[in-house]
Amino acid sequence: MDAQTVAKRAIEIWFSRWVAPVQLHLNGGTNFESILIQESNEVLETCETQTTAFHSKGNGPAERTNRTLKTLLKPFVSHEKA
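Residue numbers for the sequence shown follow full-length UniProt numbering, beginning at 1 and rising by one.
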């Protein structure tokens with residue numbers, strides 16, 4: 001799945017049900033520096049903040065949220081090969 005498809009699906013599915021994020025807190029990864037992401041942020045009026053990559057102490061709340069999400073989603077994901 002390419003970045004354009006992901007962006008389109010996020011807008012169609014996620015943002016149409018809930019509101020688009022006001023702010024994205026990123027770890028400085030190059031996958032979020034693309035023109036597509038920049039244009040999406042401009043259209044959605046989303047601002048970006050960045051933290052140091054691989055430094056969980058500087059990004060504690062986001063890391064805790066990720067851990068909680070993984071715990072909640074794990075029962076719904078099958079690890080068996082189709």
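Here a beta-carbon is modelled for each residue, glycine too, at the ideal position from N, C-alpha and C.
No experiment lies behind these values; they were computed from the predicted model shown.
Counted within 10 angstroms of its Cβ, other Cβ atoms place SER40 as buried (16 or more) or exposed: buried
Beta-carbon proximity of PHE15 to LEU36, cut-off 9 Å: no
Closest residue to VAL6 among GLN23, SER34, THR51 (Cα-Cα distance): SER34
Sequence ranges, beta strand (DSSP E) only - wholly within the UniProt domain "Integrase catalytic" (1-82), length at least 3: 23-26, 47-50
Rounded separation between GLY60 and VAL22 - CA only: 19 Å
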